[in-house]
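Taking this note's numbering, the leading residue of the sequence shown gets 1, the next gets one more, and so forth. Built from N, CA and C at the ideal position, the CB exists for glycine as well. Source: prediction; values computed, not measured. Structure first, then comments.
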Amino acid sequence: MISNGSISIRKMTHCQNDFSLLFKWFNDKEVLSYIEGPASCYTYEEIVSKYGPRAKGKHYVTPCIVNYNDSPIGYLQFYLLQEDEIQKYGARLELPPYGLDIVIGETRYWNMGIGTGALKLILRHLFEQGIKEIFIDPQTWNIRAIRSYEKCGFRKTKILYQHERFNGEYKDNQLIKLIILIISTNYGIDRKISSIKQKIISGVLIILKLDDGGRV
Numbered sequence: 001m002i003s004n005g006s007i008s009i010r011k012m013t014h015c016q017n018d019f020s021l022l023f024k025w026f027n028d029k030e031v032l033s034y035i036e037g038p039a040s041c042y043t044y045e046e047i048v049s050k051y052g053p054r055a056k057g058k059h060y061v062t063p064c065i066v067n068y069n070d071s072p073i074g075y076l077q078f079y080l081l082q083e084d085e086i087q088k089y090g091a092r093l094e095l096p097p098y099g100l101d102i103v104i105g106e107t108r109y110w111n112m113g114i115g116t117g118a119l120k121l122i123l124r125h126l127f128e129q130g131i132k133e134i135f136i137d138p139q140t141w142n143i144r145a146i147r148s149y150e151k152c153g154f155r156k157t158k159i160l161y162q163h164e165r166f167n168g169e170y171k172d173n174q175l176i177k178l179i180i181l182i183i184s185t186n187y188g189i190d191r192k193i194s195s196i197k198q199k200i201i202s203g204v205l206i207i208l209k210l211d212d213g214g215r216v
């Protein structure tokens with residue numbers, strides 16, 4: 001569990017409660033209009049079949065539940081990019097590259113900044129785990145989501161043409177990327193830079209670190 005005030009994120013568990021949450025959210029036409037299309041639908045059994053192995057830790061995707069004031073309101077997942085994705089995205093193998101997806105399933109919590117807050121929270125967690133390159137691929141027309149990601153430092157890289165199915169047809173996605181770069185600095189020599197905790201430049205989140213191992 002990680003938290004920051006009213007927003008918290010926990011790993012999804014292999015239980016009826018969590019499966020029921022996903023069954024509800026992924027059958028909400030309003031929610032689906034931003035992911036797979038309102039014509040999509042899932043049975044409860046399909047939810048268990050798809051997300052059960054992830055919840056048990058038997059899949060490369062790590063599934064999470066987003067809470068707001070201790071109430072579950074959304075789903076988040078992160079994962080090491082697979083070989084085909086690495087090639088398609090132009091990712092850097094040495095970092096290594098991760099993918100991230102997030103959806104706020106309770107629509108009454110839309111437009112409140114909660115998704116952005118949850119994204120910042122998971123990015124901090126991934127940074128602490130040593131992950132330095134993160135990709136997200138929203139639909140090209142999902143301007144609201146793209147703006148939210150850009151607030152967290154992501155920058156557009158390229159269009160993925162006919163990348164994902166939406167209402168049964170393949171549609172384009174906007175690939176965006178964030179690189180986390182750690183730079184050591186000498187506090188005694190460069191006092192101006194010591195007042196900066198972090199800075200985002202062209203999709204690179206720069207974390208300044210003192211030479212003695214401390215954080216600026």
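Below 8 Å, how does it come out for the segment 64 to 76 and the segment 102 to 118: are there three or more Cβ pairs, yes or no? yes
Which class does residue 175 belong to by DSSP, given the choice of helix, strand or coil? strand
Just mark residue 55 as buried or exposed, buried being the case when its beta carbon has 16 or more other beta carbons within 10 Å. buried
Nearest to residue 71 by CA position, among 93, 110 and 6, is which residue? 6
Would you list the one or two residues that DSSP bridges to residue 101? 77
Spatial neighbours of residue 131 within its chain, please: C-beta separation below 6 Å, excluding the five flanking residues on both sides. 98
If you compare alpha carbons, which of 50, 150 and 110 is closest to residue 31? 110
Restricting to Cα atoms, I'd like to know which of 171, 152, 153 and 117 is closest to residue 142. 171
Which same chain residues, not among the five before or five after residue 16, have their C-beta less than 8 Å away from its C-beta? none
I'd like to know if the segment 142 to 157 and the segment 50 to 64 are in contact, where contact means that at least 3 CB-CB pairs between them fall below 8 Å. no
Would you mind listing the alpha helix (DSSP H) stretches within the segment 18 to 95 that are 4+ residues and don't spill past its ends, in chain order? 29 to 32, 44 to 55 and 83 to 89
Chain-order list of residues whose beta-carbon lies under 7 Å from that of residue 190 (same chain, five-residue window excluded): The predicted position of residue 190 is uncertain, since its pLDDT is 40 and thus under 50; no value can be drawn from it.
6 Å CB neighbourhood of residue 18 in its chain, flanking five on each side removed: 12
Look at the alpha carbon of residue 9 and the alpha carbon of residue 113, and state the distance between them as a whole number of angstroms. 15 Å
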